[in-house]
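This report refers to the structure that appears directly beneath it.
Numbering (my numbering), first residue to last: 679 to 776.
This is the structure in structure tokens:
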């Protein structure tokens with residue numbers, strides 16, 4: 679897998695930017711987790727959820743990956759609906775792989 683499988687056609691500029699940022703994190707594991715999430719969900723996120731997602735994308739990979747993988751507890755200040763969606767999508771991806 680080399681990157682997005684979703685075309686940015688039909689997305690507004692904000693969603694296109696978030697889709698790109700999701701696939702270009704710097705750490706390949708996070709590219710795959712957040713990129714796959716964005717491919718599947720970016721078109722349907724509400725304005726408030728986009729705000730939450732933007733805040734999550736500001737977190738450094740080295741801090742965020744252990745939270746996503748369950749190695750560290752979720753800090754209360756980042757626990758939000760979109761984070762729960764990311765965790766659920768990762769869980770679904772894990773079940774499809776195994």
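Ideal Cβ positions, reconstructed from N, Cα and C, are used throughout, including at glycine.
Query                                                                                                                                                : Result
On the criterion of 16 or more Cβ atoms from any shown chain inside 10 Å, does residue 679 qualify as buried, or is it exposed?                      : Bear in mind that a pLDDT of 43 at residue 679, under 50, signals an unreliable position, so the number given afterwards is only what the model happens to contain. Answer is exposed; the Cβ neighbour count stays below 16.
Look up residue 711 in the DSSP assignment and say whether it is helix, strand or coil.                                                              : helix
Ordered along the chain, which non-local residues of its own chain (more than five positions away) have a Cβ less than 7 Å from that of residue 703? : 709, 712, 739
So what does DSSP say about residue 724, is it helix, strand or coil?                                                                                : coil
Can you tell me the Cβ-Cβ gap for residue 721 and residue 694, rounded? I've got them flagged as a contact below 8 Å.                                : Incorrect: roughly 11 Å between the Cβ atoms, too far for contact.
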